[in-house]
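Participant:
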Amino acid sequence: MPDLPRIPVPWLWVAATAAATALIVAWLVAFRYPDLPDPMPVHWNAAGEADVFRPKSLSGFLGLILVGPGILLLSMVGAMALISAQSTSLTQRGGAKTPEAAQRAWHSLQATQNHLGWYLFGLNLLVLFLLVRSYGAQTGGADFVVFLLGVVVLTVFLVMAIYRAERVAQERWPRPAEEQRKWRGPLYHDPDDPRLLVPTDSGMNQAINLGRPAGRIIMGLLVLGPLLVLIPLLFL
């Protein structure tokens, strides 16, 4: 098995995300909080109209505006730490079964780690944008549309970047010929394979078999499910 190094956590992206959050939160506290009415708005509908109010307090205001960025920051650190830890176990028992599979899995994890930083940084900026607009002088339903479009665009770019990286890894360390035709990047398609979930190169994750009807249904729900939930919110 190859000697594969641990993939480091890109702390620069974590620091940039935390710094951007701190700057925007400080600005909101300094320039928006003093002008808030009492009770202050804490929730807005899709049209940008405040529909829930609570007694005004600095602690309540900070708790409200830090929820979204805080969850994203914790998710960022947790996901990156998990990828870093997983990269060290690829060549251990229960990991990749061949040297080529270990190389493919390691380079796929490295690509995911590299791209996850800017992706979550961008998502955090979109959340901060909503906060600034929500507590600004002017706000409207278009802000939520911009937010959703931003999430979609960032996600598409992330998926494309990881997909390209996995294709490159598969070309550099190819699978056996009989297996190669079944994989397209991270996607697996084999109608003759009765398995719904197929082990990936890492030996620790599973890919959905898109050759099975149930696999296509699950993938469709994973892709379209969030949109089916979010789109009706635009009409509330």
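If you read the sequence shown in the UniProt record's numbering, its first letter stands for residue 1, the second for the next number, and so on. We put the CB at the ideal spot given by N, CA and C, even for glycine.
So, using beta-carbon positions, are LEU109 and ILE7 closer together than 8 Å?
Facilitator: yes
Participant: Should PRO125 and LEU72 be called a contact, given that it needs their Cβ atoms to be closer than 8 Å?
Facilitator: Note on identity: in this sequence residue 125 is Leu, with Pro being the wrong assignment. No, the Cβ-Cβ distance between LEU125 and LEU72 is not below 8 Å.
Participant: Can a CB atom of chain B be found closer than 8 Å to the CB of PRO213?
Facilitator: Any reference to chain B falls outside this structure, which holds one protein chain only.
Participant: Going along the chain, which residues of its own chain have a beta-carbon closer than 7 Å to the beta-carbon of LEU64, five neighbours each way excluded?
Facilitator: VAL42
Participant: Identify every residue that forms a DSSP beta bridge with ARG104.
Facilitator: Partner(s): none; ARG104 has no beta bridge.
Participant: Check each candidate in ALA20, VAL29, GLU49 and GLY220 and name the one with the smallest Cα separation from PHE144.
Facilitator: The alpha carbon of PHE144 has as its nearest neighbour, out of ALA20, VAL29, GLU49 and GLY220, the alpha carbon of GLU49.
Participant: So what's HIS43 in DSSP terms, helix, strand or just coil?
Facilitator: strand
Participant: Taking DSSP as the reference, what is the three-state secondary structure of ARG54?
Facilitator: strand
Participant: When the Cα of PRO191 is compared with those of TRP173, ARG172, GLN180 and GLY215, which residue comes out closest?
Facilitator: GLY215
Participant: Confirm, please, whether the CB-CB distance from ASN209 to TYR188 is below 8 Å.
Facilitator: Taking 8 Å as the Cβ cut-off, TYR188 and ASN209 qualify as a contacting pair.
Participant: Restricting to Cα atoms, I'd like to know which of ASP201, MET160 and VAL168 is closest to GLU179.
Facilitator: Considering only ASP201, MET160 and VAL168, the residue with the shortest C-alpha distance to GLU179 is ASP201.
Participant: Pull up the distance between the alpha-carbon of ILE217 and that of LEU224, whole angstroms please.
Facilitator: If I take the Cα positions, the gap works out to 10 Å.
Participant: Pick from LEU130, PRO99 and HIS107: whose alpha carbon is nearest that of VAL146?
Facilitator: LEU130
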